[in-house]
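A quick write-up on the structure given underneath.
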Amino acid sequence: MEAARPHILIVEDSVAVTGALRVLFEETGHDVSVAGSLKEAVEVAALRAVDVMLLDLTLPDGDGLSALTTMRARSIEPRVTAALTGHAEPQIAARCTAAGCRAVLVKPVPIAELLARVREWTAA
Amino acid sequence: MHPVDSSTTAEHRVVQLEEALNEAAQVNAELQSRDALKTQFLANISHDLRTPLTAIITHAEILRDGILGPLSDRQRESITSIIGGGRQLLQAVGEILTYARGAANQLTVSPSEFHISAVVAQVSALNEPLVVKKGLSLSVDVRPELPSLVADREQVTHVISNLIGNAIAFTPPGGRVWVNVSPHRDADVDHVLVEVGDTGIGIAPEHHDLVFREFAQVDPSPSRRHHGTGLGLTIARRLVELNGGRIWLESRLGEGSRFFFALPVSTG
């Protein structure tokens, strides 16, 4: 059944990066939505419940974490959100955790690790 | 009150000096603003290089792990090389970005309390495959009575990682690399002393200052055997100093190298 496939939302403005992640998750049994901006991300989450959101922090229309705040206010928050960032700085990690992210992952996340984390979250 | 000097020559000279000072200040401001632009450019270009590299590495890993179908051994080898090259490039880009931020005084320290033994263990484990591949041995000796450290953990990790990476790169097969961590007393302050040593090619004493200088390679020729941005040790020194410590080396050509850095136990 289609509906049994976990829904992954990738929020990232680089088409090259979302293209790679889409292949990874679609080929491993997930439904994938892609959003290139905060606005698109909120629209996707409003249409279909998101199991895992992979959220880039720098988006063309603002700070990625504000998507999470907006979604929470509208009760369409993903079950799990993981931040994707270019740098593992403690200040950034602290900000993400405070905003409700389950994990902060540094790009490029080795795919074996990324898949393992997403499987763990969607199985729970 | 200044002593009165009614001589017009003296007044004239004062005016001339003021003009020269103003001019120098202007030139200085101009140079600083150009330097800031250059730094900003480096930061931007680093970000723009990371994004396509992320895509390349992710796609290559998808292929390597057989997610799009099985591969022959030769195909997997080839893709593994693409990933290795990509990660190496990513590290170089990261170094340029860190250097640019350091040069612009944008590097900040986020201190936390931690045991350096955990960091050394983590970095050693990450390097183990490379050590095995090169036929080296890596030993770690952390003194048990070591106090915990208050410093920026990421930055300390970066420094240890850089020193171990260099030791591995500059030591021929069959050689040894070691990391010793011990308590150290310097200027009446408790420090943690980290030594990263190797039995590699060594560095002539006249080049000791050079290795910490930005963009420096002891052998800058295009045919040099060891590649890199030449920023690794410059960054390491900056990070150690930002955390209140100092870094130095003991080495002679052909006799291996021992890099040391000492960090105060508390940044106070």
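If you're matching them up, the sequences are chains A and B in order.
Add 206 to a position in the first sequence, counting from 1, and you land on the number used in my numbering.
Under my numbering, the residue at position 209 of the second sequence is numbered 207, and the numbers go up by one with no gaps.
We put the CB at the ideal spot given by N, CA and C, even for glycine.
All values derive from a computational prediction rather than experimental measurement.
Inset, instruction - For the beta strand (DSSP E) containing B:D196, list its first residue and its last residue. - result: Here the question's residue 196 of chain B lines up with position 198 in the second sequence. It spans V187 to D196 - the beta strand (DSSP E) in which B:D196 sits, taken as one unbroken run.
Inset, instruction - Note down, in chain order, all residues in the segment 124 to 153 of chain B with a beta-carbon under 8 Å from any beta-carbon belonging to chain A. - result: D150, R151 and E152
Inset, instruction - Would you identify the three-state DSSP class for B:D150, choosing helix, strand or coil? - result: Reading the second sequence from its first residue, position 152 is the one you call residue 150 of chain B. Three-state DSSP puts B:D150 in a strand.
Inset, instruction - Give every residue of the same chain whose Cβ lies closer than 6 Å to the Cβ of B:L231, excluding the five residues on either side of it in the sequence, and list them in chain order. - result: Stepping through the second sequence from its first residue, residue 231 of chain B is reached at position 233. Closer than 6 Å at Cβ, skipping near neighbours: V209 and F210.
Legend entry - Near-chain A residues of the segment 33 to 52 of chain B (beta-carbon distance less than 8 Å), N- to C-terminal order: H45, R48, T49, P50, L51 and T52
Legend entry - chain B contact for A:I214 (CB, 8 Å cutoff): Taking the first sequence and counting its residues from 1, the one referred to as residue 214 of chain A is at position 8. No, A:I214 lies away from the interface with chain B (no Cβ there is under 8 Å from its Cβ).
Legend entry - Whether B:V107 touches B:N241 by CB criterion (8 Å): Here residue 107 of chain B corresponds to residue number 109 of the second sequence, with the count starting at 1. Here residue 241 of chain B corresponds to residue number 243 of the second sequence, with the count starting at 1. Yes, these two residues count as a Cβ contact at 8 Å.
Inset, instruction - List in chain order: all unbroken beta strand (DSSP E) runs of 3+ residues lying wholly within the segment 88 to 141 of chain B. - result: 109 to 112 and 135 to 140
Inset, instruction - Just the C-alpha distance for B:I65 and A:T275, rounded to the nearest angstrom, thanks. - result: On the second sequence, residue 65 of chain B is found 67 positions in, with the first residue counted as 1. On the first sequence, residue 275 of chain A is found 69 positions in, with the first residue counted as 1. Cα to Cα, B:I65 sits roughly 34 Å from A:T275.
Legend entry - Test: B:A18 CB closer than 8 Å to a CB of chain A: What you label residue 18 of chain B is simply residue 20 of the second sequence in a count that begins at 1. No, B:A18 does not count as interfacial toward chain A.
Inset, instruction - Kindly list the residues whose CB is nearer than 8 Å to the CB of B:W176, restricted to its own chain and excluding five residues on each side of it in sequence; keep chain order. - result: The count along the second sequence starts at 1 and reaches residue 176 of chain B at position 178. Contacts found: L136, S137, V138, D139, E193, V194, G195 and D196.
Inset, instruction - Would you kindly report the start and end of the unbroken beta strand (DSSP E) that includes B:P275? - result: Because chain B is modelled from -1 through 266, residue 275 of chain B falls outside the range shown and cannot be assessed.
Legend entry - For A:A226 and B:P170, the rounded distance between their alpha carbons: Along the second sequence, one-based indexing puts residue 170 of chain B at 172. Along the first sequence, one-based indexing puts residue 226 of chain A at 20. In a straight line, the C-alpha of B:P170 is about 38 Å away from that of A:A226.
Inset, instruction - Would you mind working out which of A:H236, A:R308 and A:V240 sits nearest A:I216, comparing C-alpha positions? - result: Here residue 216 of chain A refers to the residue found at position 10 when the first sequence is read from its first residue. Of A:H236, A:R308 and A:V240, the residue nearest in Cα terms is A:V240.
Legend entry - Residues that A:W327 bridges to, as DSSP identifies them: The residue you call residue 327 of chain A lines up with position 121 of the first sequence. Answer is none; A:W327 lacks a bridge partner.
Legend entry - Integer-rounded CB distance, given that B:I201 should sit under 8 Å from B:L251: Taking the first residue of the second sequence as position 1, residue 251 of chain B is located at position 253. Taking the first residue of the second sequence as position 1, residue 201 of chain B is located at position 203. Their Cβ separation, rounded to whole angstroms, is 7 Å, which keeps B:L251 and B:I201 in contact under 8 Å.
Legend entry - C-alpha distance - B:V121 paired with A:E249, whole-angstrom precision: To locate residue 121 of chain B, count along the second sequence from 1; it is residue 123. To locate residue 249 of chain A, count along the first sequence from 1; it is residue 43. Cα-Cα distance, rounded: 42 Å.
Legend entry - CB contact check: B:E59 to chain A, cutoff 8 Å: Stepping through the second sequence from its first residue, residue 59 of chain B is reached at position 61. Yes, contact with chain A.
Inset, instruction - Using 10 angstroms around the beta-carbon of A:K313, count the other beta-carbons present and answer buried if the total reaches 16, otherwise exposed. - result: Within the first sequence, residue 313 of chain A is the residue found at index 107, counting from 1. When all chains shown are included, A:K313 counts as buried.
Inset, instruction - Report the three-state DSSP secondary structure of A:L261 (helix, strand or coil). - result: As a position in the first sequence, residue 261 of chain A is number 55, starting the count at 1. A:L261 falls in the strand class under three-state DSSP.
Legend entry - Residue-chain proximity (A:A330, chain B), Cβ-Cβ < 8 Å: In the first sequence, counting from the first residue as 1, residue 330 of chain A sits at position 124. A:A330 does not count as touching chain B.
Inset, instruction - Using a Cβ cut-off of 8 Å (strictly closer), state whether B:S79 contacts chain D. - result: Here chain D cannot be found, since the structure's protein chains are A and B.
Inset, instruction - Confirm, please, whether the CB-CB distance from B:R244 to B:F259 is below 8 Å. - result: Here residue 259 of chain B refers to the residue found at position 261 when the second sequence is read from its first residue. Here residue 244 of chain B refers to the residue found at position 246 when the second sequence is read from its first residue. Yes, Cβ-Cβ distance for B:F259 and B:R244 is below 8 Å.
Inset, instruction - Could you run through the segment 234 to 251 of chain A and flag, in chain order, every residue whose CB is less than 7 Å away from some CB of chain B? - result: T234
Legend entry - N-terminal and C-terminal residue of the beta strand (DSSP E) that A:V238 is part of: Taking the first sequence and counting its residues from 1, one reaches residue 238 of chain A at position 32. Counting along the chain, the beta strand (DSSP E) containing A:V238 begins and ends at D237 to A241.
Inset, instruction - Just the chain A side, please: which residues come within less than 7 Å of B:L66 by C-beta, in chain order? - result: The residue you call residue 66 of chain B lines up with position 68 of the second sequence. Residues of chain A passing the Cβ test: E233.
Inset, instruction - Closer than 8 Å by C-beta to B:G84: which residues in its own chain qualify, once you throw out the five before and the five after it? Chain order, please. - result: Reading the second sequence from its first residue, position 86 is the one you call residue 84 of chain B. Result list for B:G84: L51, I54, I55 and A58, in chain order.
Inset, instruction - Using a Cβ-Cβ cut-off of 8 Å, state whether A:I298 counts as contacting chain B. - result: If you number the first sequence from 1, residue 298 of chain A lands on position 92. So, not an interface residue.
Inset, instruction - Return the first residue and the last residue of the alpha helix (DSSP H) that B:H10 is part of. - result: Here the question's residue 10 of chain B lines up with position 12 in the second sequence. Residues T6 to R62.
Legend entry - CB of A:L263 within 8 Å of CB of A:A304, strictly: Within the first sequence, the letter at position 57 stands for residue 263 of chain A. Within the first sequence, the letter at position 98 stands for residue 304 of chain A. Their beta carbons are not under 8 Å apart, which means A:L263 does not touch A:A304 by this criterion.
Inset, instruction - Please classify A:R280: is it buried, with 16 or more other beta-carbons within 10 angstroms of its beta-carbon, or exposed? - result: Position 74 of the first sequence, counted from the start, is the residue given in the question as residue 280 of chain A. Burial call: exposed.
Legend entry - Spatial distance of B:Q14 from B:V190 (CA atoms): On the second sequence, position 16 is the one that residue 14 of chain B refers to. On the second sequence, position 192 is the one that residue 190 of chain B refers to. For B:Q14 and B:V190, the distance between alpha carbons rounds to 54 Å.
Legend entry - Pair within 8 Å by beta-carbon distance, A:I317 and A:L230: Within the first sequence, numbered from 1, the residue matching residue 317 of chain A stands at position 111. Within the first sequence, numbered from 1, the residue matching residue 230 of chain A stands at position 24. Yes.
Inset, instruction - Select from B:D71, B:G173, B:Q153 and B:P203 the residue whose C-alpha is nearest the C-alpha of B:V238. - result: Reading the second sequence from its first residue, position 240 is the one you call residue 238 of chain B. Of B:D71, B:G173, B:Q153 and B:P203, the residue nearest in Cα terms is B:Q153.
Legend entry - 8 Å Cβ cutoff, B:R108 in contact with chain A: In the second sequence, counting from the first residue as 1, residue 108 of chain B sits at position 110. The sequence given here places Ser at residue 108 of chain B; Arg does not occur at that position. At least one chain A Cβ lies under 8 Å of B:S108.
Inset, instruction - List the residues of chain B that A:V229 touches, going by C-beta distances under 8 Å, in chain order. - result: Here residue 229 of chain A refers to the residue found at position 23 when the first sequence is read from its first residue. Result: H57, I60, I65 and L66.
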